[in-house]
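Encoded as structure tokens, the structure appears first; notes follow it.
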Amino acid sequence: MMRFSTLLKHPADWMTGASAGTSVVLTSRVRLARNLRREPFPGWSTKERRVAVLDRVKPEVEALPQMKNGFSQELDALSSLQKQVLVERHLISREQAARGEGSAAIVNRKQALCLMINEEDHLRMQSIRPGLALREAYNLVSSVDAQLETNLEFAFDHDLGYLSACPTNLGTGMRASAMLHLPGLVLSDQIAQVLQAVGKLQLAVRGFFGEGTESLGNLFQISNQSTLGESEETIIRRLERVIQQVTSHERNARQKLVEDDPDMVFDRVGRAYGTLRHAHVIPSKEALNLLSLLRLGAELGFFPPETGGTCDSLLMEIQPAHLQLHSGEKLTPEQRDAIRAEIIRSRLQSLDPPVIIAQQESEGWQPPSDTIADS
Amino acid sequence: MQCDFCDSKATVFLTQLVEGEMKKMCLCENCAQEKGVTDPAGFALGDSLIGEGVSVGEGVVAGGADDGATCPVCGFTFKKFQQVGRLGCSECYETFGDEVSRRLKGMHKGTTHIGRVPEGLVEEHARQQRLDQLRSRLDEAIAGENYEEAAGLRDEIQELETTVVAQT
Chain Z
-17 MMRFSTLLKH PADWMTGASA GTSVVLTSRV RLARNLRREP FPGWSTKERR VAVLDRVKPE
43 VEALPQMKNG FSQELDALSS LQKQVLVERH LISREQAARG EGSAAIVNRK QALCLMINEE
103 DHLRMQSIRP GLALREAYNL VSSVDAQLET NLEFAFDHDL GYLSACPTNL GTGMRASAML
163 HLPGLVLSDQ IAQVLQAVGK LQLAVRGFFG EGTESLGNLF QISNQSTLGE SEETIIRRLE
223 RVIQQVTSHE RNARQKLVED DPDMVFDRVG RAYGTLRHAH VIPSKEALNL LSLLRLGAEL
283 GFFPPETGGT CDSLLMEIQP AHLQLHSGEK LTPEQRDAIR AEIIRSRLQS LDPPVIIAQQ
343 ESEGWQPPSD TIADS
Chain V
1213 MQCDFCDSKA TVFLTQLVEG EMKKMCLCEN CAQEKGVTDP AGFALGDSLI GEGVSVGEGV
1273 VAGGADDGAT CPVCGFTFKK FQQVGRLGCS ECYETFGDEV SRRLKGMHKG TTHIGRVPEG
1333 LVEEHARQQR LDQLRSRLDE AIAGENYEEA AGLRDEIQEL ETTVVAQT
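Protein chains in written order, with our numbering: chain Z, -17 to 357; chain V, 1213 to 1380.
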């Protein structure tokens, strides 16, 4: 079994933007909710029964070939800091982190699959992949589902589909989502319009960091709201189509910004570079927003392409629990801001200033021709 | 009427949903007191009938309606459902079916599942869907006074209803 320290030392491919083609869509995620028949849901169960469910389900999950040499831990065996780190890495949910005895998290070696036992439902299985890869993520998690159902009897109704603790998850029990980086739409004030249009299609949009409509770092998550009355295939197809459209709007917005107001774009990216490289105290909100601009700069060709991946890793590393783990002691908010700045400075130490003239000749920031045709 | 527990005259009549079925019980005043029927929170008809320690919150059920109902499997109550918007166990969807369907309106794209079905239930699911289809066609036929078609549909439904699908 994989140790917590090993898990931390090797971030997943989707956390670090290691693969190509992740410029607008950072990650795709699909999760399925499943429950055992006639067994109280975790929220209404007793500790004894939760433990019994855990003892029943956990060995089945651990025995899956996909989970070989993975990480498997009961929540009461983890410190609150460790749980928080897992939340910041999106390997477990906030709700799961609040739980203790009778709950467990199992993550495969590649961290592409994470299963939570006794979260809101008995079993929550999710797959996360880099870029726009909802189908790949669905196939991964669906194969786990198929293997588990041979030994576990999942609650299913011929009308309502898979039965879940909350009626909002009935039917497929599937929530598919993608995380999008949309600085072009934000800078050109088109974001509200685009998000409103998406919202009309029974899809939910929310800021990735922060609550409600507030979005930090120009990151947005789009997911399906309806889980009953249409197939997994239909849901994913619609989501994919919408994400592709938003992506193409984002690319157009970036192109237009560089054409219409290049000074503004260069200024924003340049200032972000200056601040991140030289700040000694930086609050989380400011860091997230500046890293977004740095990432945009990299995608426009102002910085070497691998800079995008550095930004993605930093998004994770500058979260509160990661900072605390890094420093090895409990930190005040002021100390966190100082350590955050220190980590960012050291990671960007060898990053050269943005090259603006050279990129205008290059094809680095030219949107693909199909995007132009699309507009 | 005689008490179910002794020879005295029954004066307390209790109806409750146990395992999805309506169970009736007649008790005399003393036995009712003893079993805690007068204190709805402390009594579970399920305990007497199936001898199992099912914790039941509310005692008396108003014949079939969800209001005041208690899940026979997990003891989740209608009141609790109203409070938290979630259910207690898979069986609750049966117990609180009316309230669930009321809430489902507008929540999702539809009200009937389309998509993946557990491997072992695929055939049964197909049969159920076919039955639903035939039943709604039967309703239409009757509404349209197409009695010949209705009779054909009724026979088809009956045949399908008696088909036993082997569980794998």
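Glycine included, every Cβ here is placed at the ideal spot set by N, Cα and C.
Between V/V1334 and chain Z, the shortest Cβ-Cβ separation is not below 8 Å. About 7 Å separates the Cβ atoms of Z/I204 and Z/L162, confirming a contact at the 8 Å cut-off. DSSP places Z/P112 in the strand class (E or B) of the three-state scheme. A contact between stretches requires three or more CB pairs, one per stretch, nearer than 8 Å, and the stretch 124 to 132 of chain Z fails this requirement with the stretch 74 to 86 of chain Z. If you check each beta-carbon in the stretch 1314 to 1327 of chain V against every beta-carbon of chain Z, the ones closer than 7 Å belong to R1315, L1316, M1319, H1320, K1321, G1322, T1323, T1324, H1325, I1326 and G1327.
For Z/F202, no alpha helix (DSSP H) run applies; the uninterrupted beta strand (DSSP E) run containing it begins and ends at L201 to N206, by DSSP.
Counting other Cβ atoms within 10 Å of its Cβ, V/C1218 stays below 16 and is therefore classed as exposed. Z/L185 carries a strand assignment under DSSP once its states are collapsed to helix, strand and coil. For Z/T9, the enclosing beta strand (DSSP E) stretches over residues V7 to R16. Z/Y255 is bridged by DSSP to nothing; it lacks a bridge partner. Contact of Z/T209 with chain V by beta-carbon distance below 7 Å involves H1320. Non-local C-beta neighbours of Z/I173 in its own chain, meaning closer than 7 Å and more than five positions away in sequence, comprise L164 and L167, ordered along the chain. Taking 9 Å as the cut-off between beta carbons, none of the residues of the stretch 1355 to 1368 of chain V comes near chain Z. When the beta-carbon positions are compared, Z/L73 and Z/A87 come within less than 8 Å of each other.
DSSP places V/I1369 inside the alpha helix (DSSP H), whose first and last residues are Y1359 to T1374. Nearest CB-CB separation between V/R1298 and chain Z: below the 8 Å threshold. The DSSP assignment places complete alpha helix (DSSP H) segments of no fewer than 4 residues inside the stretch 299 to 347 of chain Z at 302 to 309, 315 to 329 and 339 to 343, in order along the chain. Contact annotation for V/Q1345 against chain Z: no contact, minimum CB-CB distance about 12 Å [criterion: below 8 Å]. Comparing alpha-carbon positions, the option among Z/N151, Z/R277, Z/Q227 and Z/R31 lying closest to Z/A254 turns out to be Z/R277. Z/G153 and V/H1320 do touch by the CB rule: their CB atoms are close to 7 Å apart, below 8 Å. Between the alpha carbons of Z/A320 and Z/A34 lies a gap of roughly 46 Å. Between the alpha carbons of Z/T28 and Z/G291 lies a gap of roughly 44 Å.
DSSP places Z/H163 within a strand segment (E or B) once states are collapsed to three. Your pair Z/D294 and Z/G(-1) checks out as a contact, with CB atoms roughly 4 Å apart and the cut at 8 Å.
Taking CB atoms only, Z/L145 has a neighbour in chain V less than 8 Å away.
Per the coordinates, the alpha-carbon of Z/Q184 lies some 18 Å from the alpha-carbon of Z/L14. Interface with chain Z (8 Å Cβ-Cβ cutoff): V/P1330 is included. Interface annotation for the stretch 116 to 144 of chain Z against chain V: S124, D127, A128, E131, T132, E135, F136, A137, F138, D139, H140, D141, L142, G143 and Y144, criterion Cβ-Cβ distance under 9 Å. For the pair of segments examined, the stretch 207 to 216 of chain Z was found to touch the stretch 1318 to 1332 of chain V: the number of CB pairs separated by less than 8 Å reaches three. The shortest C-alpha to C-alpha distance from Z/L145 to any of V/A1222, V/T1374, V/G1309 and V/K1291 is the one to V/G1309. Separation of the CB atoms of V/L1343 and V/L1372 is rounded to 6 Å, and the pair is thereby assigned contact status at 8 Å.
Residue contact with chain Z for V/Q1340: present (Cβ-Cβ distance below 8 Å to some residue of chain Z).
Membership of Z/E56 in the beta strand (DSSP E) is indicated by the continuous run F53 to E56. When the Cα atoms are used, Z/P336 and Z/R329 turn out to be separated by approximately 16 Å. Beta-bridge pairing by DSSP links Z/L95 to Z/S109. Nearest C-alpha to Z/E222 among Z/Q317, Z/A160, Z/E101 and Z/K92: Z/A160.
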